[in-house]
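2 protein chains.
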Amino acid sequence: MTDRFLRACYRQETDCTPVWFMRQAGRYLPEYRRLRERYGLMELCRHPELAAEITLMPVHRFAVDAAIIFADLMTPLEAMGVDFEVQEGVGPIIVHPIRSPDDVQKLPVPDDDAIAPATMQAIQIVKGELNGLPLIGFAGAPFTLASYLVEGGPSRDFAQTRAFMFRHPKAWHQLMAKLTETVVRYITAQVQAGADAVQIFDSWVGCLSPTDYCEFVLPHMCQLFERTAPLRVPRILFGTGTATLLPLMRQAGSEVIGLDWRVPLDEAWQALDFAVAVQGNLDPAVLLADWAVVERHTMNILRRTKGKAGHIFNLGHGILPQTDPSIVARLVDFVHEVTDRQRGWR
Amino acid sequence: MTDRFLRACYRQETDCTPVWFMRQAGRYLPEYRRLRERYGLMELCRHPELAAEITLMPVHRFAVDAAIIFADLMTPLEAMGVDFEVQEGVGPIIVHPIRSPDDVQKLPVPDDDAIAPATMQAIQIVKGELNGLPLIGFAGAPFTLASYLVEGGPSRDFAQTRAFMFRHPKAWHQLMAKLTETVVRYITAQVQAGADAVQIFDSWVGCLSPTDYCEFVLPHMCQLFERTAPLRVPRILFGTGTATLLPLMRQAGSEVIGLDWRVPLDEAWQALDFAVAVQGNLDPAVLLADWAVVERHTMNILRRTKGKAGHIFNLGHGILPQTDPSIVARLVDFVHEVTDRQRGWR
Chain A
4 MTDRFLRACY RQETDCTPVW FMRQAGRYLP EYRRLRERYG LMELCRHPEL AAEITLMPVH
64 RFAVDAAIIF ADLMTPLEAM GVDFEVQEGV GPIIVHPIRS PDDVQKLPVP DDDAIAPATM
124 QAIQIVKGEL NGLPLIGFAG APFTLASYLV EGGPSRDFAQ TRAFMFRHPK AWHQLMAKLT
184 ETVVRYITAQ VQAGADAVQI FDSWVGCLSP TDYCEFVLPH MCQLFERTAP LRVPRILFGT
244 GTATLLPLMR QAGSEVIGLD WRVPLDEAWQ ALDFAVAVQG NLDPAVLLAD WAVVERHTMN
304 ILRRTKGKAG HIFNLGHGIL PQTDPSIVAR LVDFVHEVTD RQRGWR
Chain B
4 MTDRFLRACY RQETDCTPVW FMRQAGRYLP EYRRLRERYG LMELCRHPEL AAEITLMPVH
64 RFAVDAAIIF ADLMTPLEAM GVDFEVQEGV GPIIVHPIRS PDDVQKLPVP DDDAIAPATM
124 QAIQIVKGEL NGLPLIGFAG APFTLASYLV EGGPSRDFAQ TRAFMFRHPK AWHQLMAKLT
184 ETVVRYITAQ VQAGADAVQI FDSWVGCLSP TDYCEFVLPH MCQLFERTAP LRVPRILFGT
244 GTATLLPLMR QAGSEVIGLD WRVPLDEAWQ ALDFAVAVQG NLDPAVLLAD WAVVERHTMN
304 ILRRTKGKAG HIFNLGHGIL PQTDPSIVAR LVDFVHEVTD RQRGWR
């Protein structure tokens, strides 16, 4: 249907700027909320037909340039035998959090075909319905998965994760290696099932200093991107609060870096030496305001791209549950129209 | 006893680097936990003798170069008629959060002498015990107080606060003006009671983009620092996740900027044009590791100062409850010793 999204990932010229939204298949859609009344979150992830249906919801409503498979960051951890429940409005609660090097030892690396078979089936179903629209697969990054495993519940600053890292550096690297291997297998399976691109969510890595990112995370991220390079699909690396980490994240080797809303897009792209495509970075809270506010913030972002190839429009984090879908529809069309005209201006 | 801390605030030479810790009077001290078994947090704040006793606990244990008055960020909001309870391990829960411009209208600005009289008495008691050691007063910054009022409970990303700001800019500015006036009066009263310096905690302002900080926060911060300048005490402005906000925070007009652990101290100081003193910025989670790790991270910070005058050693956020007080004692002495020697090297 359109290759805008994939072309932009590789910084190739496009007719207009591609758009998709993190959590575009989620709680702000009434049709999704209706499903959630009957099924738990992980239940939806485990039913290929339902996961496929949800993935397609935003595609039916909006002119988005990509679909993203409906799954949960915790999905691959199920195959590692991690016991957890997802609490409404709280997030995943781990029954036995990782507290010692011994707990890391015990964690198995699952076989390729054991990781989220329902998600792979959902990808196959969705692919048959997309008429060529690209499908994005995704996974939590090793650090972010580790932070869930170590904290065991919601956290604002992930201090327990950092403390574990500083106290048990060897066990930490072992944990990261196991998670990296699992993520590589999970991502590989998604691409083999039909995903055209993948996003790695390192949502909470912004709690680290650059020095600690370098020592405790970067080697594993390099490994992850090296191992998934043969898949020949563009890979997006996204995190929040990453202003000081961007040059290091670039070294990890993804084709695209996702930016949260706190970094001005032009400065962030410059910090990345314009060597990768960038995705983002509208504050999701802006979508709760009037259209005039949405338009002003959107134009601010588009202007900062200076019309350069390699920008994928998105939010700076997931769409908020209170968002009005009609504003989302208008925003997609607006970005397409304005950037089409922008190209005329050049 | 020592004027190291105050001299460093003004970027004057000192015999060695001054040290204090955010939350140094808190839950990691067994003598504090014993008190907490008998009293609630806000109860302790309301008893001048107890608040004074807690303020002095770290001074009796460690060679810190300043005391900070024991109070809660929410303390001045009590005088604004805000009803809340502080939940153990969760934080303040507001009974009637601010949900509309009307709620802002109704919020009164309290008279000077109505704001936290117990804290002022505690300051007077502490001053009599400090033998000249400087006492730091403090307040939450208007944005951070507003974020508590709007969110009503714990939040990871403060999306409701940003949404309120975008939706109701007029009411937002009115709210910020009322909070600024309250904070100015609260700070003024603390200095009049005897505080030798003040720290403004804008703990959660890092959730804003620079553009939004400029529009929604900076004018009020300029006002705050202009109005408190005649007090002639050094003012420290601290926030977390502020990597992209530092040059704007400097414009607000404080003598010192507090840095969290995610910004390399030398780069941050440069972003501030070396025009203010800096405070920080050891990751509090480092204190949960072995001494060798603490020493390595501490040396990293001290090296980045290049021995320049105007560095106050501190953590990048509050001391964690699991911290061993004996590591804290060792760290204070270590910073004093090393920086004394460092001066010999120059």
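Top to bottom, those sequences are chains A and B.
Under the working numbering, the first sequence is numbered contiguously, ending at residue 349.
Under the working numbering, the second sequence is numbered contiguously, ending at residue 349.
Even for Gly, the Cβ is constructed at its ideal location relative to N, Cα and C.
Q. A:Asp160 CB to nearest chain E CB: under 8 Å?
A. Although the question refers to chain E, the structure presented lacks it and instead comprises the protein chains A and B.
Q. According to a CB-to-CB cut-off of less than 9 Å, which residues of the stretch 316 to 347 of chain B neighbour chain A?
A. Gly319, His320, Leu323 and Gln325
Q.
Any beta carbon from chain B within less than 8 Å of A:Trp264's own beta carbon?
A. Reading the first sequence from its first residue, position 261 is the one you call residue 264 of chain A. Closer than 8 Å to some Cβ of chain B, the Cβ of A:Trp264 qualifies, so yes.
Q: Step through the CB atoms of chain B and report whether any lies within less than 8 Å of the CB of A:Pro287.
A: Here residue 287 of chain A corresponds to residue number 284 of the first sequence, with the count starting at 1. Judged by the 8 Å Cβ criterion, A:Pro287 is in contact with chain B.
Q. At a Cβ cut of 7 Å, what residues of the stretch 251 to 278 of chain B count as close to chain A, listed as they run along the chain?
A. Trp264, Arg265, Val266 and Pro267
Q) Can you tell me whether DSSP reads B:Gly261 as helix, strand or coil? A) Against the second sequence, residue 261 of chain B aligns to sequence position 258. DSSP places B:Gly261 in strand when its eight states are reduced to three.
Q.
On a Cα-Cα basis, can you pick out the residue from B:Val62, B:Leu133 and B:Leu76 that is closest to B:Leu44?
A. Looking up residue 44 of chain B in the second sequence gives position 41. The option with the nearest alpha carbon to B:Leu44 is B:Leu76.
(Q) For A:His50, tell me which candidate among A:Ala69, A:Leu305 and A:Phe73 has the shortest Cα-Cα distance. (A) Residue 50 of chain A sits at position 47 when you count from the first residue of the first sequence. Of A:Ala69, A:Leu305 and A:Phe73, the residue nearest in Cα terms is A:Phe73.
Q.
Suppose the cutoff is 6 Å on Cβ atoms and the five residues either side in sequence are ignored; what does the same chain contact list for A:Met123 look like?
A. Looking up residue 123 of chain A in the first sequence gives position 120. Here the set comprises Ala192 and Ala196.
Q: Leaving aside the five residues before and after B:His223 along the sequence, list all residues of the same chain whose C-beta is less than 6 Å from its C-beta, in chain order.
A: Walking along the second sequence from the start, residue 223 of chain B turns up at place 220. Result list for B:His223: Pro145, Met179 and Thr183, in chain order.
Q: Give the straight-line distance between the Cα atoms of B:Leu79 and B:Gln202, rounded to the nearest whole angstrom.
A: Here residue 79 of chain B corresponds to residue number 76 of the second sequence, with the count starting at 1. Here residue 202 of chain B corresponds to residue number 199 of the second sequence, with the count starting at 1. Per the sequence shown, the amino acid found at residue 79 of chain B is Pro instead of Leu. Those two C-alpha atoms are separated by around 15 Å.
(Q) Which same chain residues end up closer than 7 Å to A:Ala278 when comparing Cβ atoms and leaving out the 5 residues on each side of it in sequence? (A) In the first sequence, counting from the first residue as 1, residue 278 of chain A sits at position 275. Counting only Cβ-Cβ distances below 7 Å, and skipping sequence neighbours, we find Arg253.
Q: Could you name the residues of the same chain whose beta carbon sits closer than 7 Å to that of B:Leu9, not counting the 5 residues immediately before and after it, in chain order?
A: Residue 9 of chain B sits at position 6 when you count from the first residue of the second sequence. Taking B:Leu9 as the centre and dropping the five residues before and after it, the same chain places the C-beta of Pro137, Asp199, Ala200 and Pro237 closer than 7 Å to its C-beta, in chain order.
Q. Whose Cβ in chain B lies nearer than 9 Å to the Cβ of A:Val296?
A. Taking the first residue of the first sequence as 1, we reach residue 296 of chain A at position 293. Phe169, Arg170 and Pro172, listed in chain order.
**Q.** Spatially closest choice to B:Val341 from B:Leu318, B:Gly209, B:Ser329 and B:Thr308, by CA coordinates
**A.** Locating residue 341 of chain B in the second sequence gives position 338, where the first residue counts as 1. Ranking B:Leu318, B:Gly209, B:Ser329 and B:Thr308 by Cα distance to B:Val341 puts B:Thr308 first.
(Q) Under 8 Å, with one C-beta from each stretch per pair, do the stretch 63 to 71 of chain A and the stretch 13 to 33 of chain A reach the 3-pair mark? (A) yes
(Q) Can you tell me where the alpha helix (DSSP H) holding B:Arg39 begins and where it ends? (A) If you number the second sequence from 1, residue 39 of chain B lands on position 36. Looking at the DSSP string, the run of the alpha helix (DSSP H) that includes B:Arg39 is Pro33 to Arg41.
Q | Unbroken beta strand (DSSP E) run spanning A:Asn317, endpoints | A | As a first step, residue 317 of chain A is located in the first sequence; it is residue number 314 there, counting from the start. It spans His314 to Leu318 - the beta strand (DSSP E) in which A:Asn317 sits, taken as one unbroken run.
Q) Between the Cα of B:Val109 and the Cα atoms of B:Val85, B:Gly321 and B:Gly244, which residue gives the shortest distance? A) As a working note, residue 109 of chain B is residue 106 in the second sequence. First, the amino acid is wrong: residue 109 of chain B is Lys here, not Val. Comparing Cα positions, the closest option is B:Val85.
(Q) How far does the alpha helix (DSSP H) with A:Ile304 in it extend, from its first residue to its last? (A) Taking the first residue of the first sequence as position 1, residue 304 of chain A is located at position 301. Residues Trp294 to Arg307.
(Q) Output needed in chain order: residues of the stretch 97 to 114 of chain B with a Cβ under 8 Å from some Cβ in chain A. (A) Against chain A - using a Cβ distance shorter than 8 Å - the stretch 97 to 114 of chain B contributes no residues.
**Q.** Reduced DSSP category for A:Arg238 - H, G, I as helix; E, B as strand; rest coil
**A.** In the first sequence, residue 238 of chain A corresponds to position 235, counting from 1. Three-state DSSP puts A:Arg238 in a strand.
Q: Look at the alpha carbon of B:Ile315 and the alpha carbon of B:Ile304, and state the distance between them as a whole number of angstroms.
A: Counting from 1 along the second sequence, the entry for residue 315 of chain B is found at position 312. Counting from 1 along the second sequence, the entry for residue 304 of chain B is found at position 301. Rounded to whole angstroms, B:Ile315 to B:Ile304 spans 11 Å at the Cα level.
Q: State the Cα-Cα distance for the pair A:Ala271 and B:Val220, rounded to the nearest angstrom.
A: Counted from its first residue, the first sequence places residue 271 of chain A at position 268. Counted from its first residue, the second sequence places residue 220 of chain B at position 217. Roughly 22 Å separates the two Cα atoms.
Q: For A:Asn284, write down the residues that DSSP places opposite it in a beta bridge.
A: In the first sequence, residue 284 of chain A corresponds to position 281, counting from 1. In DSSP, A:Asn284 forms a bridge with A:Asn317.
Q. Under a three-way DSSP split, which group does B:Glu218 fall into?
A. What you label residue 218 of chain B is simply residue 215 of the second sequence in a count that begins at 1. DSSP places B:Glu218 in helix when its eight states are reduced to three.
**Q.** Interface positions of the stretch 196 to 220 of chain A facing chain B (Cβ-Cβ less than 8 Å), listed along the chain
**A.** Gly209, Cys210, Leu211, Ser212, Pro213, Thr214 and Asp215
(Q) In the DSSP output, what is A:Gln202 paired with across the bridge? (A) Start at 1 with the first residue of the first sequence, and residue 202 of chain A comes out as number 199. Answer by DSSP bridge pairing, in chain order: A:Phe141 and A:Ile239.
(Q) Could you check whether the stretch 278 to 289 of chain B touches the stretch 238 to 246 of chain A, counting it as contact only if at least three pairs of C-beta atoms, one from each stretch, sit closer than 8 Å? (A) Too few Cβ pairs lie closer than 8 Å, so no.
(Q) Quick check on the DSSP output: the beta strand (DSSP E) that includes A:Glu88 runs from which residue to which? (A) Stepping through the first sequence from its first residue, residue 88 of chain A is reached at position 85. Here the beta strand (DSSP E) through A:Glu88 covers Phe87 to Gln90.
Q.
Against chain A, with Cβ distances strictly below 8 Å, would B:Arg165 count as a contact?
A. Translated into positions along the second sequence, residue 165 of chain B becomes position 162. Yes, B:Arg165 lies at the interface with chain A (some Cβ there is under 8 Å from its Cβ).
Q) Taking B:Val266 as the reference, which of B:Asp286, B:Leu251 and B:Ala255 has the closest Cα? A) As a working mapping, residue 266 of chain B is identified with position 263 in the second sequence. Per the Cα distances, B:Asp286.
Q. Excluding sequence positions up to five away, which residues of its chain have a Cβ less than 8 Å from the Cβ of B:Ile322?
A. Locating residue 322 of chain B in the second sequence gives position 319, where the first residue counts as 1. So the list reads Phe24, Met25, Arg26, Gln27, Gly29, Tyr31, Pro287, Leu290 and Val331, once near-sequence residues are dropped.
Q.
Could you check whether the Cβ of A:Arg349 sits closer than 8 Å to any Cβ belonging to chain B?
A. Translated into positions along the first sequence, residue 349 of chain A becomes position 346. Caution applies to A:Arg349, whose pLDDT of 43 falls short of 50 and renders its modelled position unreliable; the value that the coordinates give is listed next. Any Cβ of chain B closer than 8 Å to the Cβ of A:Arg349 would place that residue at the interface, and such an atom is absent.
Q | Pairwise C-alpha distance: A:Gly256 and A:Phe204 | A | The residue you call residue 204 of chain A lines up with position 201 of the first sequence. The residue you call residue 256 of chain A lines up with position 253 of the first sequence. A:Phe204 and A:Gly256: Cα-Cα distance of roughly 14 Å.
Q. In three-state terms, what does DSSP make of B:Pro21?
A. Position 18 of the second sequence, counting from 1, holds the residue named residue 21 of chain B. In the structure shown, B:Pro21 sits in coil (DSSP, three-state: anything other than H, G, I, E or B).
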